[in-house]
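Colleague: First the structure, which I've put down as structure tokens, then a few questions once you've had a look.
Chains as they are written, first to last, in the numbering used here: chain A, 18 to 231; chain B, -1 to 464.
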């Protein structure tokens, strides 16, 4: 996997909450057995009209956003099916970063911006998911609307976003230390785990899989 | 140290601690299906790796299989994917429940019925509904294809501990109200992201009174609340399910006795602490019907389609978009919603009990004129059992279409699909835009509610319907 350090690109917004993986890539494209060629199907049912032509109303198709590499959406992005095809579609379309807001529930609990499996799949494919507050994401939406085609620099080591609008705006973001390290180094998960081969073998010797007991 | 059930299972499976608070967790079983596995096997081949434990890996065909005639797969792309799984299983020595075998079925139906799913085990599958297996007190996670490959190669998963969230279902369900209504009510309460980052544990008198089939329906939809997994502590109901019936992969005899001694320790300690708790009263729970394009957009069958700005957890824009897609208007009575199609099946409600509940409604009745009614058993075993009980005859006499096992119209990867604008009452798990076919409109309900809707032509309150 390619390491992720910094990235500069155009930001595009899809103003919807709960964007599910069925919307990101509909099921008819899950029959492919390769790992490539999914980018053309990203947001298929929103991106294309029934006659197969690009939907001019959908922001990704508008000239200002044609080369966008950073996507911002609303809460609970990537919910639903575990299909990694959704992340392959995101990555192969050319998106390197997805931004969504966390929010506070009625009882004060923090509701993350991304669904768990989707977020995890992003890490494995070098796609950076960033959570901001709802107010910050509202600001981003405002900027993108006012200045379509505005660019942003994402700096993972510094954990900052710089929106190159007028005026320039800087956002800070939090990220799990393990995920950050993983993305920065572009690690191979399996090779990393196999370094623990001795521990796995030792565990297997004492573990009864039938009872799942020691 | 007081522990939750989740912590007990977790602690038993820690291989080693990794940096930054991550843990390498041992996985006891991996279930595999054709859609999320080909790229994982390819990855193994590229790196010249093997499947570390083929004997702990179980494959089935479910998402793509046709349910009308399983001897021919007309879609060449689907056929290639099915062939890929067959070849991969052969090459890597993995057991496959193939089309035509008596073990074939939807992965989350097959695991429990064959005794692959056991209390206290860790189970993964490249499928978000893996949470189903939590009904046995197994820690079961849905994972992506990269992680499928990781588990195939290492039999472990890199994990960070989830938060714990206890959902207590208090009281007693009224007749005709089911576990589907319990879980839809929960999702309506906490939203489709309310459980994100959490493992849900379902407790309470109403849960204890449920059969294993009904418990699986609740755990199955944990992901629709965003959760990493759902758990129900095993009890006599669980042990009886495993010990009786033909479950070739479950322990028996002395091994079962030993297992039982361990399984009986699998409950959260009485004063264990959870990060979050919620109580749902089941005494007054009504049958639930979804009206929107997210499983949290749900209400009582006695209710109406809500006003745009009166839906908890959804913005006005969300509700406007959902109702535009669904072709509904605020204030419309749920029981006035007319249907074109009814789908009974899926890993949520495709088990024998679900089919019995549907058959009880269909017996001596006919589906409404023009209603397409698909009844798809969750597995070849469920199909055989239903036919032995004569349920298929009841369905056919009612004018319903009795099918072979598969995922079918739950996600419409096979030929069973809705046309644009068609409206369906479905016992499955997702009412997302386009889920059952582009432009199709899905309302989620329990099996008896779906059957009654097929007969009446519109939703009815199964509690009072005659």
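C-beta atoms are modelled at their ideal positions from N, C-alpha and C, and glycine is treated no differently.
#1: Is it the case that the Cβ atoms of residue 189 of chain A and residue 170 of chain A are separated by a distance below 8 Å?
#2: Please check if any C-beta of chain B sits within less than 8 Å of the C-beta of residue 22 of chain A.
#3: Please identify, using Cβ separations under 9 Å, the residues of the stretch 32 to 47 of chain A that lie next to chain B, in order along the chain.
#4: May I ask you to report which of helix, strand or coil DSSP gives residue 157 of chain A?
#5: List, in chain order, every chain A residue whose beta-carbon is nearer than 9 Å to that of residue 148 of chain B.
#6: Just to confirm before moving on: does the CB-CB distance between residue 58 of chain B and residue 108 of chain B stay below 8 Å?
#7: Mind the definition here: the stretch 91 to 102 of chain A touches the stretch 123 to 142 of chain A only if three or more C-beta pairs lie below 8 Å; say whether that holds.
#8: Going along chain A, which residues have a C-beta under 9 Å from residue 411 of chain B?
#9: Name the residue from B:117, B:124, B:380 whose alpha carbon lies nearest to the alpha carbon of residue 99 of chain A.
#10: Looking at residue 17 of chain B: is its Cβ nearer than 8 Å to the Cβ of residue 207 of chain A?
#11: Looking at C-alpha atoms only, which residue of A:202, A:161, A:220, A:223 is the closest neighbour of residue 26 of chain A?
#12: In whole angstroms, give me the CA-to-CA distance for residue 258 of chain B and residue 230 of chain B.
#13: Rounding to the nearest angstrom, what Cα-Cα distance links residue 416 of chain B and residue 250 of chain B in this structure?
#14: Which residues does DSSP list as the beta-bridge partners of residue 424 of chain B?
#15: Using a Cβ-Cβ distance cut-off of 8 Å, determine whether residue 30 of chain A contacts chain C.
#16: Nearest to residue 331 of chain B by CA position, among B:288, B:371, B:146, B:419, is which residue?
#17: Taking C-beta pairs closer than 7 Å, name the residues in chain A that residue 256 of chain B reaches, listed in chain order.
#18: How would you list, in chain order, the residues of chain A whose beta-carbon sits under 8 Å from the beta-carbon of residue 126 of chain B?
#19: Considering only C-alpha positions, which residue in the set B:436, B:32, B:85 is nearest to residue 63 of chain B?
#20: Please list, in chain order, the chain B residues whose beta carbon lies closer than 7 Å to that of residue 162 of chain A.
#21: Identify every residue that forms a DSSP beta bridge with residue 115 of chain A.
#22: Please tell me whether residue 113 of chain A and residue 149 of chain A are closer than 8 Å, where the distance is taken between their beta carbons.
#23: Using a Cβ-Cβ cutoff of less than 6 Å, which residues in the same chain neighbour residue 274 of chain B once the five nearest sequence positions on both sides are dropped?
#24: Based on the DSSP secondary-structure assignment, which residues constitute the bridge partners of residue 71 of chain A?
#25: Which residues does DSSP list as the beta-bridge partners of residue 157 of chain B?
#26: Using a Cβ-Cβ cutoff of 7 Å, what residues of the stretch 256 to 281 of chain B are near chain A? List them in chain order.
#27: Would a C-beta distance cut-off of 8 Å place residue 154 of chain A and residue 118 of chain A closer than the cut-off?
#28: If you draw a straight line from the C-alpha of residue 379 of chain B to the C-alpha of residue 404 of chain B, how long is it?
#29: Given a cut-off of 8 Å on the beta-carbon distance, is the pair residue 46 of chain A and residue 60 of chain A in contact?
#30: Does residue 75 of chain A have its Cβ less than 8 Å from a Cβ in chain B?
#31: Does the beta carbon of residue 231 of chain A sit closer than 8 Å to a beta carbon anywhere in chain B?
#32: Going by C-alpha to C-alpha distance, which of B:180, B:450, B:227, B:90 sits closest to residue 365 of chain B?
#33: Roughly how many whole angstroms lie between the Cα atoms of residue 392 of chain B and residue 98 of chain B?
#34: Is residue 271 of chain B buried or exposed, if buried means 16 or more other CB atoms sit within 10 Å of its CB?
#35: Applying the 10 Å Cβ sphere with the 16-neighbour rule, what's the burial state of residue -1 of chain B?
Modeller: Taking the coordinates as given:
#1: no
#2: no
#3: 32, 33, 34, 35, 37, 38, 39, 40, 43, 44, 45, 47
#4: helix
#5: 141, 206, 207, 210
#6: yes
#7: yes
#8: 44, 45, 47, 48
#9: B:124
#10: no
#11: A:161
#12: 16 Å
#13: 45 Å
#14: B:341, B:442
#15: This model lacks chain C altogether; the protein chains it does include are A and B.
#16: B:288
#17: 228
#18: 97, 98, 99, 134
#19: B:32
#20: In chain order: nothing, as chain B lies at least about 14 Å away.
#21: A:88, A:146
#22: no
#23: 163
#24: A:65
#25: B:21
#26: 256, 257, 260, 274
#27: yes
#28: 12 Å
#29: no
#30: no
#31: Bear in mind that a pLDDT of 45 at residue 231 of chain A, under 50, signals an unreliable position, so the number given afterwards is only what the model happens to contain. Chain B, which has a Cβ nearer than 8 Å to the Cβ of residue 231 of chain A, makes this yes.
#32: B:450
#33: 24 Å
#34: exposed
#35: exposed
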